[in-house]
Structures are given as structure tokens and as C-alpha cells.
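Undergrad: Residue numbers (my numbering): 190 to 964.
Each residue gets a CB set at the ideal place from its N, CA and C atoms; glycine is no exception.
First the structure, then my questions, so here it is.
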């Protein structure tokens, strides 16, 4: 007992001494203030918030990020090293110097994914796990947010910053890839084709980028599980949805507001997004005039994990644009049932079953692109001298266009040591129904072109067509690792088109040669067909490009086809922190649509496209981005006359940079320079009619002139601030900073056919401001 009491006495005495010294120390030595530090942890590529990331202060663990990626801890004033660690990502560290009056401090950790490395081991009886891959360029959600936008955030316009993709003018998001027309690139949303995927007549893409997890662009030879195009495939993958808690993004800008939500729901997870433009609402509120246009879109997906091996998902997408006819205050509307409207409807159900060596996928979807309108009116009030003059001034619009794709698809993937096998089968019912009767005057001037030329070149005022076909196809691909340095991918797709009673064969081969740990050489070949195509080649007929009609092939004689050859080189680190990629390609092209302004006819021609794409990319550090150069040729041959395609740009240079100004501010810039596009010049005019009242232009040989070179600079500044449990992101973005007057259209008139006077130029300096809140 005495020993116990003595021990207790010493313990109490030490406590009293400690308290005394603490009080005395507070008087003799300067106090260090405890400051609150808040922050978020995100994936630098996908912007996904990372859960259970470890935060260390001076080597000691102080916090763990929660289900929204948020962390919070207290730290004394002074200098500290704050680190963030997460498995599968590079450790990120920040040096901070906290003063007593610093208040709350905000830290953002954007972690870069990195492979997990182990000590070298030797395993016998197994083959290596690195396999051949198709050539791709990939944009994650974080990459998309770094590229400055035009008025409205967009999932398609950022593609123009990639090698091999050209921009035809400032206000177009259409994808022209490696010497091919826009219809030669298949755009899919979770593997569902979207045939006309644009808002505002082609200026914006139809997809809210908040739903996008990644965009994978196959610029040439693409996987055998896709079909039906000559140039490449853009595969847009939506986010999976959070299983931890409700998360979201709310954004308001000059043009639109939008919301994105994701979170758990019952036994699964969901994502939902909605977006609408509102200049029409503001004009109606603030003035007597009406703004003639608005769009909205919705996207949703629900994923259910039935158990560890069975997953089912349901998704839907809907977009609609409305262009109001005869909205001028002086307009006289005779009859209006529907304003001009266009958009997309998608419904999809997918089932995945996982087993030990692979997976089975069953997919069913319906994709519909539509364009409609039904109205009559007089755009302006004139003093008509006769009743006939009044009747002749009436404009009428009747449009009912639809493209429908109903598809059933099954796929099996098997994974073995040193080998991966994929095979599948697909049934597709493809149909189109086009019907229009158009008499327009004022509308043509509004959209800077003829409305009917939106559908195809030299389209008539009245048109009707109804067509369909069934397509059966099957495919097989096999990835093999032959040796440590040699990988081989073999693929084949066969398809039967019922309408023309024709079987088509599409083989594919890719070989990878690993020269060393840093360098890889690849070569590939593929055969492709396009059985569903547009008859729109002219890029200067109209700005307004929301809906091109697609034709189903009539006979094998006119079947567009192409053989792709490519040779590529990849170096993981050609300079410290900089990756290098280069690929040369050559594509034969047969039965490609061409439009002749001289005769106003559409014909089928042969030709080729060839070029070289080079990419230098830096993904880590305060300064990130890429520089890309493309040399491209798109050539056609019309009965011995060789000429460049309308969408040919010989030289393209692009520079995309992102720089962290501070913990809270980031500046992004995108500069592009391209040589001019070819066009067909007007060489004269002639007058027809009894009273010499009609003037017609005479055009020369196709594409014998080029427009001036194209260049512009876009910049954006984005902030990151913590506001409670929200991340507030104010932004300012400016397109065409130095007001480059790029030529976008050659539009000769009866009064002047010269290249200098007949060329239209644009655009202007266009600023955009907005605020995004993430929670």
C-alpha cells in the first residue's frame, strides 16, 4: 500500500508541475495559434473526389478525407509541410507558412494516378500482362474543364485541341478527323450512336460535360466492336454514380444554368443532369422583344449491383433545341403548330455478368434523332401593292425528319495469362423518315444560309423519303503477347446488310514492338465500310448545322470504304516529365460523296487521306498541357481531276497550357494555328429572266483557291474556394482574345465575286463568366 501511495503522490506532483510550467510558459514564450485548415482531395484527371485519402502534417497523420473528399484539421502557426497520400496516386505535398491572423486556410490536392510499383520478382509459368492497345487520345473530365469554352461548357469542342481533329471555323463543334467528313466519325454515348449531337446549330455539343467521365477518341483504326464509319470513333463514357453519399454540381453562366447529381439509391447508384439556356426568359422579362432560341437536355442513369457478379443499368438521354419562327414584333403569324425544333432521344438497358476469367454483357438501346417544324407567316409588314405580292411573301415551314436505331447486342470477354479474347454479335434495325416542304426568305438570312441545305447539299424545297434496313454482325478480337517485346492484336468483323443483300468483311491487325522500357513502335491495318452516310460536303453553305440527314446505302457500287494503314511511335519520357507520341497514317478512300458547285450535283469519287500527328504532353507539375502538330492531306479524284476536299487543312498546330497561379487560381489557354481551307471560286455571273431580274453565279473548278490561315487564342481563369462544404469555382473565359478576323465562309454575291470581298470574316472577342458550386 505504501508503494502505491508513493507512486500516486509522484504522479499528482508531476501533473501539478506540468500545469504550472504550461501557465508560466504561456507568459514567458510566444503562443502558437491553432488555425483551421479545410480542403478537398480529387483525381486530377477525372475530378472525382477521393475518399479516405490520408493527410499528414510534418509527417504526422492529422486527417482523412470523407465521402465527399473533404478534410479538416487544426494546425499551429508557423511553417509546415502538408502531404496527401492515396493508394494508386502520386503523393502530393505543399509547403505552408501560417501567420497568427491567417484565419481559415484552404488546401486543394489534385492527385495524379500512377501505377503501383513493386520490387522486381521472377514468376515462372506465367506470361506478361501488358497487351496491345488501339491508338487513342483520351480526355478525362478534368482535362475537359481545363480547355476554355465558347459561352457554354461543352463536351465536343475540347476535341479540337487534339491532334488530327480540325476546326472548320470558330463557331463549329463538328468533328472532322484525319481527312474525313464529320459523318465519318461515330459519336457514341455509353456505346449508343448519336447521329446529330449538337445544340445551337452545331456550335455546342448536346452533352453536359458534368456527366462525362472520359472521352476516348480512336483517330483511325478503331476496335471491331464498333462499325459503320470510315474515319474514327468518339466514345463518351458517363460517370458511374457515387455509392457513398449525395454529391452534385450547380452552375450558372451567361447562357445557361445546369445541375448534376449523383449518389446512392436503394441497392444502386444514380446520376442525373439537367441544363437549360435562359436568354429567351431574360429578354421576355426585360424587353418587349423575344429571343428566338433556347435549348435544354436531360441525362440520367441508374446502376444496380444485384450481387458481386451481376450488374444492371438503365439510362436515358433527351435533348431539344427550339428556334422560334416569326418572333419579330412586326411579324404576322398566319399559322403556327410547331417552331423549328431538333434533338435526340436515347433509352438503354445493360446487363453485365462477371465470372472468374471474364464477363458477359447484354445491351439493348433505342436512339432517335429528330428535326421538326410547322408554321406559316410573313416575317415583315410591307405595303403590298397587290394581293399576289402579299401571298408571294408568305414563308412556310413544314419539317418532319427522324432517324431511328434499335439495336440488340451481346458481348463476351475472356482473360487468360498473356491473352484476352473478345467476341460479340449485334442486330440493328436502322430506319429514316424525311419529309419537308420549305418556302423561306427571312429565315435564310437569319441562319446565314439555306435551311434546306442543313439536310444535304443542293436539297430541294420539297422532299420525301422513307427507308430502313436490318444489319446483322459479329466480331472477334484476340490480344496476344508473343514475347516480352512483341504484342499482337487480331480482329475481324463481318456484317450482313439486308437492304442490298450484301456481306461485308472487315479485318484488323495491330502489332506492338517494345524497343525498351521507354519506347514502343506500333503498326496497324484495318478495313472499314460506311453504310449510313450524309450527302453534305460543303462547309460554307450555312453556319446552321444541327441536323444532317443520313442515307442508307442503295447498292454495293456506291458503298464508301477505306483501308487504313498506320505506323506509330511512343516514348514515355522524351524529356523530363514529357511524353511523346507520333503516328503517320495513310487511308485509301472509295465512293466518297463530293458536291460540285459548278453543276450543283452530288457524285461519288475516290481519293486518299494521309498525314502525321505529333503530340508532346506534360501531365505533372505547376504547368501542364500539350503541344500538337498535324500534317494532313485529304485528296479526291473526280474523273482525273485531283483536288483537296472541302475540309482539308494542311498544317495544324495547337498549344494547350494550364498553369497554377496559386492555391486558389488557375489559368488555362488554348492557341491554334491552321492553314486555310479550300473553296470553289465564283468566276463570273449571268443574268436570266425576261426582265433581266435574276442573277446567277458561275463557279470555276472545285477547290482551286484557299482561304487565309486560321488562328486564335482562348484563355480562361478559374478559382477554387471552400465555402462551408461547397467548392465554389468562379470563372472567366475569353474566346479569340486578340480578335483574329478569321475567314469562315466564301459567299460571293451578284455584285462582287472577288475572293477578298466575297469572304466573310469573324468572329469577335467573346467573354464568358459564371460560377460553379460543387458539393
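(1) Going straight from the alpha carbon of residue 761 to that of residue 845, what length do you get?
(2) Under a three-way DSSP split, which group does residue 870 fall into?
(3) Among residues of its own chain, excluding the 5 on either side of residue 321, which ones have a beta-carbon nearer than 7 Å to its beta-carbon?
(4) Can the beta-carbon of residue 390 be found closer than 8 Å to that of residue 735?
(5) Taking 6 Å as the limit between beta carbons, can you name the residues of its chain near residue 335, skipping five residues before and five after?
(6) Taking C-beta to C-beta, are residue 965 and residue 273 nearer than 8 Å?
(7) Consult DSSP for residue 391 and reduce its assignment to one of helix, strand or coil.
(8) What did DSSP end up calling residue 745 once you bin it into helix, strand or coil?
(9) Which residues in the same chain have their Cβ closer than 6 Å to the Cβ of residue 770, if we skip the five residues on either side of it in sequence?
(10) Measuring alpha carbon to alpha carbon, tell me which residue in 360, 414, 823 and 369 is nearest residue 379.
(11) Leaving aside the five residues before and after residue 361 along the sequence, list all residues of the same chain whose C-beta is less than 6 Å from its C-beta, in chain order.
(12) Express the C-alpha separation of residue 595 and residue 657 in angstroms, rounding to a whole number.
(13) How about residue 754 and residue 741: do their beta carbons lie closer than 8 Å?
(14) What does the alpha-carbon distance come out to for the pair residue 918 and residue 226?
(15) Among the candidates 819, 421 and 493, whose CA atom is the shortest distance from the CA of residue 377?
(16) When the distance is taken between beta carbons, is residue 467 closer than 8 Å to residue 446?
(17) Measure the C-alpha to C-alpha separation of residue 612 and residue 601 and round it to an integer number of angstroms.
(18) Between the beta-carbon of residue 299 and the beta-carbon of residue 344, is there less than 8 Å?
(19) When you compare only the Cα positions, how much space is there between residue 323 and residue 410?
(20) The alpha helix (DSSP H) that contains residue 472, what's its start and end?
(21) According to DSSP, simplified to helix, strand and coil, what is residue 642?
(22) Could you tell me whether the segment 796-814 touches the segment 867-874, where touching means 3 or more Cβ pairs closer than 8 Å?
(23) What does a CB cutoff of less than 8 Å around residue 557 pick up in its chain, not counting 5 residues either side in sequence?
(24) Go ahead and pull the three-state DSSP assignment for residue 331.
(25) In the DSSP output, what is residue 797 paired with across the bridge?
(26) I want to know whether the segment 613-624 touches the segment 644-658 - three or more CB-CB distances under 8 Å.
(27) Once DSSP output is grouped into helix, strand and coil, what is the label at residue 704?
(28) Determine which residues share a DSSP beta bridge with residue 732 and list them.
(29) Just tell me which of 419, 363, 235 and 551 has its CA closest to the CA of residue 302.
(30) Quick check on DSSP: helix, strand or coil for residue 983?
(31) What three-state label does DSSP hand residue 399 in the structure shown?
(32) Taking C-alpha atoms, which residue in 450, 284 and 237 lies nearest to residue 1034?
(33) Comparing C-alpha positions only, which one of 370, 861 and 348 sits nearest to residue 330?
(34) What's the C-alpha gap between residue 652 and residue 363?
(35) Measuring straight from C-alpha to C-alpha, what distance separates residue 218 and residue 342?
TA: Concretely, from the data shown:
(1) If you number the chain shown from 1, residue 761 lands on position 572. If you number the chain shown from 1, residue 845 lands on position 656. Their Cα atoms are separated by approximately 19 Å.
(2) Along the chain shown, one-based indexing puts residue 870 at 681. In this structure, residue 870 counts as coil in the three-state DSSP scheme.
(3) As a working note, residue 321 is residue 132 in the chain shown. Its pLDDT being 48, under 50, residue 321 is placed unreliably in this model, and the coordinates cannot settle the point.
(4) Sequence index remark: in the chain shown, residue 390 carries index 201 (1-based). Sequence index remark: in the chain shown, residue 735 carries index 546 (1-based). Cβ distance < 8 Å, so residue 390 and residue 735 count as in contact.
(5) To locate residue 335, count along the chain shown from 1; it is residue 146. Once the five neighbours on either side are set aside, the close Cβ partners of residue 335 are 847 and 857.
(6) No information on residue 965 is available, as it lies outside the stretch 190 to 964 that the chain covers here.
(7) Start at 1 with the first residue of the chain shown, and residue 391 comes out as number 202. Three-state result, residue 391: helix.
(8) Taking the chain shown and counting its residues from 1, one reaches residue 745 at position 556. In this structure, residue 745 counts as helix in the three-state DSSP scheme.
(9) Position 581 of the chain shown, counting from 1, holds the residue named residue 770. Within the same chain, residue 770 has close Cβ partners 759 and 804.
(10) Your numbering for residue 379 matches position 190 in the chain shown. Checked all of 360, 414, 823 and 369; the closest Cα to residue 379 is 414.
(11) By one-based count along the chain shown, residue 361 stands at place 172. Around residue 361: 391.
(12) Translated into positions along the chain shown, residue 657 becomes position 468. Translated into positions along the chain shown, residue 595 becomes position 406. If you take the alpha carbons of residue 657 and residue 595, they lie about 11 Å apart.
(13) Position 565 of the chain shown, counted from the first residue, corresponds to residue 754. Position 552 of the chain shown, counted from the first residue, corresponds to residue 741. Cβ distance not < 8 Å, so residue 754 and residue 741 don't count as in contact.
(14) Locating residue 918 in the chain shown gives position 729, counting from the first residue. Locating residue 226 in the chain shown gives position 37, counting from the first residue. Taking the straight line joining both Cα atoms gives about 19 Å.
(15) Start at 1 with the first residue of the chain shown, and residue 377 comes out as number 188. When each option's Cα is compared against that of residue 377, the closest is 421.
(16) Reading the chain shown from its first residue, position 257 is the one you call residue 446. Reading the chain shown from its first residue, position 278 is the one you call residue 467. In this structure, residue 467 lies closer than 8 Å to residue 446 by Cβ.
(17) For this step, residue 612 is matched to residue 423 along the chain shown. For this step, residue 601 is matched to residue 412 along the chain shown. The straight-line gap from Cα to Cα measures roughly 6 Å.
(18) Taking the first residue of the chain shown as position 1, residue 299 is located at position 110. Taking the first residue of the chain shown as position 1, residue 344 is located at position 155. No, the Cβ-Cβ distance between residue 299 and residue 344 is not below 8 Å.
(19) As a position in the chain shown, residue 323 is number 134, starting the count at 1. As a position in the chain shown, residue 410 is number 221, starting the count at 1. Approximately 7 Å, taken between the alpha carbons.
(20) The residue given as residue 472 occupies position 283 in the chain shown. Segment 468-475, the alpha helix (DSSP H) holding residue 472.
(21) Here residue 642 refers to the residue found at position 453 when the chain shown is read from its first residue. Helix at residue 642.
(22) no
(23) As a first step, residue 557 must be located in the chain shown, where it is residue number 368. Correct list, in chain order: 533, 534, 535, 591, 592, 593 and 594.
(24) Residue numbering aside, residue 331 sits at position 142 when the chain shown is read from its first letter. In this structure, residue 331 counts as helix in the three-state DSSP scheme.
(25) Sequence index remark: in the chain shown, residue 797 carries index 608 (1-based). Note: residue 797 sits in a beta bridge opposite 777 and 824.
(26) yes
(27) For the purposes of this step, residue 704 is taken as the residue at position 515 of the chain shown. Correct three-state label for residue 704: coil.
(28) The residue labelled residue 732 in the question sits at position 543 within the chain shown. In DSSP, residue 732 forms no bridge with anything.
(29) If you number the chain shown from 1, residue 302 lands on position 113. Per the Cα distances, 235.
(30) The shown model of the chain, from 190 to 964, leaves out residue 983, and the question about it has no answer.
(31) In the chain shown, residue 399 corresponds to position 210, counting from 1. Correct three-state label for residue 399: helix.
(32) Past the edges of the chain, shown from 190 to 964, lies residue 1034, and the structure says nothing about it.
(33) Along the chain shown, one-based indexing puts residue 330 at 141. If we check each option's Cα against that of residue 330, 348 comes out closest.
(34) For this step, residue 652 is matched to residue 463 along the chain shown. For this step, residue 363 is matched to residue 174 along the chain shown. Straight-line Cα distance between these residues: approximately 25 Å.
(35) Working through the chain shown from its first residue, we reach residue 218 at position 29. Working through the chain shown from its first residue, we reach residue 342 at position 153. With a pLDDT of only 41 at residue 218, under the threshold of 50, the placement of this residue in the model should not be trusted, and no figure is reported.
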